[in-house]
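Straight run, no breaks: the sequence shown in the numbering used here ends on number 1938. One structure is given below, encoded as structure tokens.
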Amino acid sequence: MLFPTVTFAVFFSVVFLGHRLLLGNRRAWTWFMLVASYLFYGWWNWKFLFLIFGSSMIDYLAALKVHANTDDKLRKRWLALSLTANLSILGFFKYFDFFVLELANGLTRLGIHNTLEPLGIILPVGISFFTFQSMSYTIDVYRRRLDPVRSIPEMLVFVSFFPQLVAGPIVRARLFLDRLHDPAPLRPLDPTRAYALILAGMFKKLVIADFLATELVQPVFAAPGNHSPLEVLLGVYGFTVQIYCDFSAYSDMAIGIAMLLGFQFPINFNRPFKAVSLQDFWRRWHISLTSWLGDYLYGSLGGSTKGVRRTMLNIMLTMLLGGLWHGANWTFVLFGIIHGTGLIVEGAIRAREKAGRRGFMSTAWHWSAETPVINLVTWPLRVLVCGTSFLWQPLAKFWVGDDYDHPRLLRRAVRTVVIYHFIAFTITLFRAQSIGRTWEIWGRVKDLVVQALHVDITGAAVSKTVLLVLAFGLFMDGIPSGWFRRVGVRFRTLSPIPQGLLLAGAVTVIDAVAVQGVAPFLYFFF
1413 MLFPTVTFAV FFSVVFLGHR LLLGNRRAWT WFMLVASYLF YGWWNWKFLF
1463 LIFGSSMIDY LAALKVHANT DDKLRKRWLA LSLTANLSIL GFFKYFDFFV
1513 LELANGLTRL GIHNTLEPLG IILPVGISFF TFQSMSYTID VYRRRLDPVR
1563 SIPEMLVFVS FFPQLVAGPI VRARLFLDRL HDPAPLRPLD PTRAYALILA
1613 GMFKKLVIAD FLATELVQPV FAAPGNHSPL EVLLGVYGFT VQIYCDFSAY
1663 SDMAIGIAML LGFQFPINFN RPFKAVSLQD FWRRWHISLT SWLGDYLYGS
1713 LGGSTKGVRR TMLNIMLTML LGGLWHGANW TFVLFGIIHG TGLIVEGAIR
1763 AREKAGRRGF MSTAWHWSAE TPVINLVTWP LRVLVCGTSF LWQPLAKFWV
1813 GDDYDHPRLL RRAVRTVVIY HFIAFTITLF RAQSIGRTWE IWGRVKDLVV
1863 QALHVDITGA AVSKTVLLVL AFGLFMDGIP SGWFRRVGVR FRTLSPIPQG
1913 LLLAGAVTVI DAVAVQGVAP FLYFFF
């Protein structure tokens, strides 16, 4: 049951009606929402309802035992039992076939005959999300950040609450349970913003993500050798926009739907294409997963408190496991290694700058500012970079001393472009499905770089519509947020009838320009 479909619209209409009727009876509301959430999840495969129920009950019982015991050894044993059970379930469904296949291939390469074959296990939708969400509850109880719930239905509805169940954001137990226990009615929170998020999600999914997938990404990634280097590069850009719009669309709609049901979930994306560093990117992209890994994995390993080498190891392990969280493939392992290495190198550069050691660009900039002839030639660039008159150069030249994550203007723009391309080419690993195919795609782009002076830009067999949608997806993070706030203010001043007409009109326009059919969200498979 996908969000932007008629089936879900009917389902949510019934759920919302029941939600409003049961506002005054929290126990009845909990049972009603539990049934609705299980119906939503069972729509894909009812057999997996036993899986989500079992995972929820494991953490429900383990948390009670952890809370009841004062002996640290017993508390750790119950926590270990919870983590082992959850990770075993996740590992079996997500990684068992992968490891069996790799073991069989390895034995074959060694000349050892074997009959090992994958079981063909079907991956339950959203298992990575609800497993991490359920585990975090028990860990928080163990850390005494949270008291365990006594009501089984409350625990079950926390894990299975349908808006964010299958593709996030990963919601912390305290955020959800505190609202569930709040005596105030679960009335819609800021309906205007909720509708805006739902419409924005529909637009990003149906108009941008699915369109680029059909018209650009799928043909290029299916046979990169049949496309020109420029077309392959556009395909790489296209997939970056597709996965961003697809995933953030689900998060936007999930948050909007939850707001209509009285719950405020944290944002999951914050304009990641504006990131000026790799660390900045991970603060903006899939924020709920980054936060989860930081709190429950990186922090548990010691974070950055145990020396430089241990910090580097912790970063690498966190990113490696973060890559594997997305799926069972060597491409995800490589993705984690590359990003772990990038964060380590970036951290070393940041530490060097904080220690007062200038890099090449910083040294060159100061040298040019202090050399009269060079200063005279480069002052227009200083005006562009510093945003000031050249008369202020004696002060403005110290822009290089700004905090690493807050460079200005041209420096920020250059870093944004560099980080975007780093992300674009590494996230190709998510779509290429094999390291060999990734090398092929990167090789085609390398050919474009080598032949850069001889490229005929008009030679790419890509329609103007595709280029227009791609450009919008690339630059939409640059749209000032103030524009949306002003539109929201104007919308709130309207009476209900004009508001309804505008919403209906927006849905109609999106449906008219969208591609036919709704493809499953990409993160359903992670």
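Note that CB positions come from ideal geometry on N, CA and C, so glycine has one too. Being a predicted model, the structure only gives us computed values, none of them experimental.
Bounding residues of the alpha helix (DSSP H) (the contiguous stretch that carries residue i)
i, result
"Ile1582", "Note, Ile1582: premise wrong, no alpha helix (DSSP H); not H, not E."
"Phe1842", "Thr1840 to Ala1844"
"Leu1680", "It is Asn, not Leu, that sits at residue 1680 in the sequence shown. Premise fails: Asn1680 is in no alpha helix (DSSP H) and is neither H nor E."
"Val1930", "Per DSSP, Val1930 belongs to no alpha helix (DSSP H) and is neither H nor E."
"Arg1439", "Arg1438 to Gly1454"
"Thr1877", "Lys1876 to Phe1887"
"Ser1467", "Leu1461 to Ala1480"
"Asp1692", "Leu1690 to Arg1696"
"Glu1643", "Pro1641 to Leu1672"
"Leu1493", "Asp1484 to Arg1521"
"Ile1699", "Ile1699 to Leu1705"
"Asn1726", "Val1720 to Trp1737"
"Tyr1708", "Here Tyr1708 belongs to no alpha helix (DSSP H), and DSSP marks it neither H nor E."
Nearest residue (CA-CA) to residue i, options the options
i, options, result
"Val1478", "His1751, Trp1737 and Arg1555", "Arg1555"
"Phe1744", "Ala1924, Thr1838 and Asn1682", "Thr1838"
"Tyr1832", "Ala1448, Gly1650, Leu1435 and Ser1500", "Gly1650"
"Asp1707", "Leu1522, Trp1458, Asn1726 and Ala1475", "Asn1726"
"Val1919", "Tyr1607, Gly1754 and Arg1823", "Tyr1607"
"Leu1499", "Ile1524, Gly1532, Ser1548 and Phe1462", "Ser1548"
"Ile1620", "Phe1884, Val1921 and Trp1694", "Phe1884"
"Ile1679", "Arg1605, Phe1633, Met1724 and Asn1517", "Arg1605"
"Pro1932", "Phe1460, Gly1503 and Gln1654", "Gln1654"
"Phe1416", "Leu1435, Phe1903 and Met1665", "Sequence inspection shows Pro at residue 1416; the Phe mentioned does not correspond to that position. Ranking Leu1435, Phe1903 and Met1665 by Cα distance to Pro1416 puts Met1665 first."
"Phe1542", "Pro1641, Leu1476 and Tyr1453", "Tyr1453"
"Gln1545", "Asn1457, Tyr1450, Val1578 and Trp1455", "Val1578"
"Leu1879", "Leu1461, Leu1645 and Leu1528", "Leu1645"
"Ile1610", "Val1569, Gln1630 and Ile1667", "Ile1667"
Residues of its chain near residue i, where Cβ-Cβ distance is below 6 angstroms and the 5 sequence neighbours each way are ignored
i, result
"Ala1421", "none"
"His1751", "Met1731"
"Thr1419", "Met1413"
"Ile1669", "Pro1575"
"Val1648", "Ala1836 and Thr1840"
"Phe1633", "Arg1843"
"Asp1815", "Residue placement at Asp1815 cannot be trusted, given a pLDDT of 42 that sits under 50; the coordinates are not used to answer."
"Gly1538", "Leu1577 and Val1578"
"Glu1627", "Val1878"
Cβ-based burial, residue i [other Cβ within 10 Å; buried from 16]
i, result
"Ala1372", "A query on residue 1372 cannot be resolved here, the shown segment of the chain reaching from 1413 to 1938 and no further."
"Asp1692", "buried"
"Thr1717", "exposed"
"Gly1799", "Note that Gly1799 scores a pLDDT of 42, beneath 50, so its modelled location is shaky and nothing firm can be said."
"Leu1865", "With a pLDDT of only 47 at Leu1865, under the threshold of 50, the placement of this residue in the model should not be trusted; the figure read from the coordinates follows. So Leu1865 counts as exposed."
"Gly1431", "The question names Gly, yet the displayed sequence has His at residue 1431. With 16 or more other Cβ atoms within 10 Å, it is buried."
"His1593", "exposed"
"Thr1941", "Look at the range of the chain in this structure, 1413 to 1938, and you will see that residue 1941 is not part of it."
"Lys1858", "exposed"
"Asn1638", "exposed"
"Lys1506", "buried"
"Asp1923", "exposed"
"His1525", "exposed"
"Ser1846", "exposed"
"Trp1697", "buried"
"Asp1483", "exposed"
"Pro1530", "exposed"
"Phe1896", "exposed"
Own chain, CB closer than 7 angstroms to residue i, minus 5 neighbours either side, in chain order
i, result
"Thr1870", "Here the model assigns Thr1870 a pLDDT of 46, short of 50, so the residue's position is not dependable, and the following value carries that caveat. Hits under 7 angstroms: none found."
"Leu1602", "What sits at residue 1602 in the sequence shown is Asp, not Leu. Closer than 7 angstroms at the Cβ level, and outside the excluded window around Asp1602, lie Met1671."
"Gly1964", "The question about residue 1964 has no answer, for the chain in this structure spans 1413 to 1938."
"Arg1487", "Val1478, Asn1481 and Tyr1554"
"Leu1528", "Val1512, Leu1515 and Ala1516"
"Thr1723", "Ser1716"
Near the ligand HEM: residue i beta-carbon under 8 angstroms from a heavy atom
i, result
"Ser1716", "Summarising the ligand content, the structure contains no ligands, and the ligand HEM is consequently not present."
Sequence-distant residues of its chain with Cβ nearer than 8 angstroms to residue i (five each side left out)
i, result
"Leu1906", "Leu1914"
"Leu1803", "At Leu1803, the pLDDT of 39 sits below 50, so the modelled position is not reliable; the number obtained from the coordinates is stated separately. Around Leu1803: no qualifying Cβ."
Cβ of residue i within 9 angstroms of any chain D Cβ
i, result
"Glu1852", "Reference to chain D is not applicable here, since this structure consists of a single protein chain."
*Contact between the region 1602–1618 and the region 1660–1667 (3+ Cβ pairs under 8 angstroms)*: yes
*the region 1738–1747 touching the region 1839–1855, judged by at least three CB pairs closer than 8 angstroms*: yes
*Is the region 1571–1584 in contact with the region 1661–1680, if contact means three or more CB pairs nearer than 8 angstroms?*
yes
*Touch test, the region 1509–1522 against the region 1486–1493, Cβ-Cβ under 8 angstroms, three pairs minimum*: no
_Would you call the region 1576–1589 in contact with the region 1554–1568, where contact means no fewer than 3 C-beta pairs closer than 8 angstroms?_
yes
*For the 8 angstroms Cβ check, are there 3 or more pairs between the region 1712–1729 and the region 1683–1697?*
no
*Contact the region 1469–1477 vs the region 1441–1456: 3+ CB pairs below 8 angstroms*: no
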